[in-house]
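Going down the list, the sequences are from chains A and B. In this text, residue positions in the first sequence follow my numbering: the first is 1, and each later residue adds one. In this text, residue positions in the second sequence follow my numbering: the first is 534, and each later residue adds one.
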Amino acid sequence: MSTIAALATGPSAGGVGIIRLSGPEALGAARRVVRGLPDAPVPRHAYFTRFTDAAGAVLDEGLTLYFAAPKSFTGEAVVELHAHGAPRLLSMLLAEVLRHEGVRLATPGEFTRRAFLSGRVDLTRAEAVADLIAAESEAQVRAAAAQLSGELTARLEALHAPLLALQADVEGALDFPEEAEGAEADAAARLEPLVAHVRSLLGDAKRGALIRRGARVVLYGPVNAGKSTLFNALIGANRALVDAEPGTTRDTLEARVELAGLAVTLVDTAGLREGAGRLEALGIERTKEALRGADLAVLVLPPEATVEQRAAWGAEVNAPLEVWGKADLSPSPCESGERAGVRGRTGHYGPRSTPSPSGQGRGTVSGLEDQRSEAADPRAVPNQVELVAVPVLADQRSEVADARAVPGQVDLVAVSGRAEQRTRGSSSRDMQGAPDRLAVSGLTGAGLVELRDELVARLSGAGAVISVSERHVLALEQVEEALSRARLAADVATLEVVAGELSLAVHALSELTGADASTDLLDAIFQRFCIGK
Amino acid sequence: MESYDVIVVGLGHAGCEAALACARMGLSTLGLTMRADRIALMSCNPAIGGTAKGHLVRELDALGGEMARAADQAGTHFVTLNGSKGPAVRATRVLCERDVYAEVMQATVRAQARLTVVEGEASVLEVEGARVVGVTLQDGRRFAARAVVVTTGTFLQALMHLGDEKSVGGRLGDAAATGLSVSLRALGFSLGRFKTGTPARLLKDSIDWARCERQPGEVSPRPFSLRTPRAPFPLRAPLDCFVTHTNAQTHGILRDNLHASPLFQGEIVGRGPRYCPSVEDKVVRFAHRARHTVFLEPEGHQSPLVYPAGLSTSMPAEVQLRFLRSIVGLEEVQVARYGYAVEYDYAPPTQLHATLETKRVAGLFFAGQLNGTSGYEEAAFQGLLAGINAGLQVQGAPALVLGRDEAHGAVLLDELVTRGVDEPFRMMTSRSEHRLTLREGNAEFRLRAHGARVGLVSAVEAASSAQRADQVRGELARLEGARLLAKLRRPEVTYASLAAEDVHRPALPEDLCAEVEVEAKYAGYVKQAQTTWTRKVESHDAWRIPEGFRYAEVRGLSREAVEKLELVRPDTVGHARRVQGLTPAAMSLLLVALRAAKA
């Protein structure tokens, strides 16, 4: 069994940052950065220690706790370093720990999985603790507190019942050709609404998953468009260094904010501009990487942006939210759209083969970005030191998440209280007569309210929001894929192929509903057909 | 005391396969039957095959079983079902001459070396130290054996119902077996109660055939068995089937007489199969249907009887005659034997290992209707596998347990021992997640090597199938090399239509051309299904669960889950995962506990 290590606290700067190690090498690896720990530390005792870099230079002071196997959260030897919550410091400590032979970075949820597999926590508790900790924001707390919502049950059933009926008709026609003759005749037509239904459900579930894990919003665009000013205005602090000189922001910066109850990680990227060279190319890659992980990309354009620039930037990602920065400088950017074309609502920006934007920004991704997997909250399990920090399946599909299929216990809720739908960019239109466009100024605060509303509207989307785990989103995706293939097969393949895809869809759906797919099918067949000789 | 390697109790469709398999594997075998003249009797409809059942017969044949060959000898009406719905669900059904089928199988049994047939009723299973050692008959005769296969069909504690008349017996004209039920219970087996039924038998000459719709069989069918020569075939002159329908008057007569039906009076307690309801059941449950189809199946060239499929009933004789005569074509029908229902003991199959050996008594195997199944084909496949595994155990060789991706028959066995039955179990292709690859057409490629391994298929036969499989693979590779494979995958292109532009094509037999086409066209779908289903197969599935594992001590496991697992007592984690109603969460807890037990 390898030793794993990870940040146990969230990625944003907080009071305390915890690095946790679990496995046989936990103590040895910790000693690479810990000074002042006895040779044989007393388990469950908090030692006041110094944290150093590889050369021995003291970086910080804090507590080190050691838990001997099997009396620890994971059942293995566990060491926790409680340092100050400075991201740079924590990333240096973690990097050094990971240099130790046999130590690797934990995958998301891996601590909980080890705890679960060693019998240290039961599944329900693993889930409950994980959910509670994941509930970083108001909306999450509401979602986690509620039990299976009537609305979601109804929507699943509205999909499940006609899907099962169709499967029964198709399978009936295959297994009982004489008794169920013709039952499959309109299979293709019956598949259409099912595909539409699951796509709508999937959309809502994906937005629900955003609420659960928080959304990543990435600001990008040409150099000196006012991204950093906007970033600072949105987080309400002077985090990004702002200067009138182009290319001031060299690193990507992150901050957690809460928008209408939604936990949002705001990412500011280096501005990019035309100009060849390897370093510029590197900068483009950094920004592209940030964009790939974004739930929503915000393209910030300077007032003087041309139609070509706008098209080029817009083509970088799918459907970015487009805003015009520095509204203070140019109260009516691009009058009547002659400099930049009028945006369609679906977010198509013209030809894909556009010149790559480039610039002098050469940001480095800040070190903690990839290690957001494990977070902790001491509120979760009071009075039990060894359980203080429990990892969370916060953002990604994890193996533990896969094991969490507790049918009927999916805590899903239709989240109310999200921002009301509003006409997109209405105030911009009123003020500047430029339809469908947001003009903002981080400096004066103009357009910020509208931008926040727009962000929330985009992230929450239209229709209901259902809060589900990533695992359930995955299951719904499988349902959607199988039904789409079934629809295609109904046109080009045989009935048995359609039946096979329907079966895959039903089984994926049963992971959500907890139904016994094969028993359901037999019941449905025998209810619908008079079979027998 | 006479001693044998294997004793097979009962020589119906399961028993014949078991006994023949053991004898052919070189073991001295005793077949016990209550009446030697009724060996391999088709007690209900005179047909072999159908959807999923045809698949089972082809699989049994590829493993070295006998049913397909007997059906070829006795067949008078061959049809292929689902011709247009896809090659995997395409299925063969053969209407047989009832008497001929039994005669053919009886002759095979009599001619089989090392197989002795004795008439008598097995009454007590002799067990020493949780291992079966022999059988004692009702009359006191005793036989010793190293393994015993029980295939008693519907005969355990059998009770027949015809209206309010009850009579003891497993089939009209036959007795019931009572002693064996007592013996099984004494050994600790639990037994349940099922019901099945059969329609009246009609006299051929009393039917007005001109008023019924003719349904001829195929002119040049493919034999069921790989061992039956392709020509001349069919071996017997064809017989046509006919179709007629019930009507409002029929339904009225049935509804007016429900009070006389033992089924609706609560006289019958055993649960009957939903896919084979009695006609009175159909009229009640599907009240909106204006008519139900009746298939009139002649029982043979020499037989005066016709089997009216779809009219199973246990109504009193007088009601049966009246509702029959309300049907078009049957206005003046004469009845040779009235329909009846039979209730019988079955042994819930969750008491079995995947080999069909009982968990309670080593060397004791159960197969066929005793396990709660229905249908000749389901019985025969179980009989073959139980016989093979009894034989392998006596030989000290490893057991034969097929994977769900290898055969519909494996799915049948897995569902039985894993999920159990709550009604008589009929095989359906929809139970198999690997249906697209489990075709009648490739049964020999899937299973003949297994048949050869256990000694039921000759080396020559196995080599022939292997060579044919190579031909298919070779042709697919050639098509790919010639850049024609992608074209063949298009919906509108067939292997035949491609011939014009494919000048180097080798001459392949017709059935192999069909295989090439299916393999090419289905490759994408099969891969998709395999990816999905194998993703569901966990890496822990092979973990063995120790015998006597205490589920009640698994931390966090619900009482419901404990009860289910205690009942089934799965052999492996994969087996446990398929237990009905077990949640993934319960599986995780079980994994955790097993890991802990290992450490």
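Heads up, the beta-carbon is just placed ideally off N, CA and C, and yes, glycines get one too. Values in this document were obtained by computation on a predicted structure and should not be read as measured data.
Best match in the options for proximity to residue i [C-alpha to C-alpha]
| i | options | result |
| --- | --- | --- |
| E813(B) | M848(B), D1035(B), V839(B) and V665(B) | M848(B) |
| S576(B) | N922(B), D632(B), A556(B) and A607(B) | D632(B) |
| H610(B) | L717(B), A887(B) and R747(B) | R747(B) |
| L918(B) | M558(B), E1008(B) and S536(B) | M558(B) |
| L658(B) | V651(B), R643(B) and L713(B) | L713(B) |
| T783(B) | V990(B), F856(B) and A1010(B) | F856(B) |
| Q1004(B) | R1016(B), R1038(B), G984(B) and A1130(B) | R1038(B) |
| E599(B) | E1052(B), A913(B) and Y1084(B) | A913(B) |
| G583(B) | R602(B), D605(B), E592(B) and V612(B) | V612(B) |
| V894(B) | H792(B), S716(B), S859(B) and R602(B) | S716(B) |
| E454(A) | L259(A), A327(A), A154(A) and V498(A) | L259(A) |
| A585(B) | A551(B), P620(B), A552(B) and G608(B) | P620(B) |
| V1036(B) | A943(B), Y1028(B) and E1043(B) | Y1028(B) |
Segment limits, beta strand (DSSP E) that includes residue i
| i | result |
| --- | --- |
| W324(A) | L321 to W324 |
| M693(B) | L692 to L695 |
| L1090(B) | Counting along the chain, L1090(B) falls outside any beta strand (DSSP E), and DSSP gives it neither H nor E. |
| V868(B) | V868 to R870 |
| K699(B) | E698 to V701 |
| T625(B) | A624 to C629 |
| R1001(B) | Careful: R1001(B) lies outside any beta strand (DSSP E), inside the alpha helix (DSSP H) at A992 to G1014. |
| F958(B) | From DSSP, F958(B) is part of no beta strand (DSSP E); its letter is neither H nor E. |
| Q748(B) | E746 to Q748 |
Cβ of residue i within 8 Å of any chain B Cβ
| i | result |
| --- | --- |
| G182(A) | no |
| E480(A) | no |
| D453(A) | no |
| G500(A) | yes |
| L65(A) | no |
Endpoints, alpha helix (DSSP H) assigned at residue i
| i | result |
| --- | --- |
| A83(A) | Note, A83(A): premise wrong, no alpha helix (DSSP H); beta strand (DSSP E) at V78 to G85. |
| K227(A) | K227 to I235 |
| C555(B) | H546 to R557 |
| S716(B) | G712 to A719 |
| A305(A) | First-last for A305(A): undefined, no H or E at that position. |
| I786(B) | A781 to D789 |
| R914(B) | It should be noted that the sequence gives Phe, not Arg, for residue 914(B). Y909 to Q928 is the extent of the alpha helix (DSSP H) around F914(B). |
Contact set for residue i: own chain, Cβ-Cβ below 6 Å, skip 5 residues either direction
| i | result |
| --- | --- |
| H45(A) | none |
| V317(A) | L291 and A297 |
| R981(B) | A595, V990, A995 and S998 |
Residue-chain proximity (residue i, chain A), Cβ-Cβ < 8 Å
| i | result |
| --- | --- |
| S963(B) | yes |
| V1036(B) | no |
| T1065(B) | yes |
| N615(B) | yes |
| Y1058(B) | yes |
| A1062(B) | yes |
| Q926(B) | no |
Beta-carbon proximity list for residue i, same chain, < 7 Å, skipping 5 on both sides
| i | result |
| --- | --- |
| V479(A) | V198, A505, A508 and L509 |
| M92(A) | D53 and L59 |
| G445(A) | A233 |
| I525(A) | A168, E171 and G172 |
| F775(B) | W742, C745, E746, R747, Q748 and L829 |
Cut-off 8 Å between Cβ atoms - residues of its own chain near residue i, not counting five sequence neighbours on either side
| i | result |
| --- | --- |
| A646(B) | A556 |
| A1056(B) | R1022 |
Proximal chain C residues relative to residue i, where beta-carbon distance stays under 9 Å
| i | result |
| --- | --- |
| P1024(B) | Of the chains in the structure shown, none is chain C; the protein chains are A and B. |
- prompt: Using a Cβ cut-off of 7 Å, which residues of the segment 617-631 of chain B contact any Cβ in chain A, in chain order?
  reply: K618, G619, A621 and V622
task: Below 9 Å between beta carbons is the criterion; list the residues of the segment 964-991 of chain B that meet it against any residue of chain A, in chain order.
output: R964, E966, R968 and L969
message: Along the segment 175-207 of chain A, where does the CB come closer than 9 Å to a CB of chain B? Name the residues.
response: D175, F176, P177, E178, E179 and E184
message: Using a Cβ-Cβ cutoff of 8 Å, what residues of the segment 580-595 of chain B are near chain A? List them in chain order.
response: T584 and A585
message: What are the residues in the segment 812-827 of chain B lying within 8 Å of chain A by C-beta distance?
response: K815, R818, F819, R822, H825 and T826
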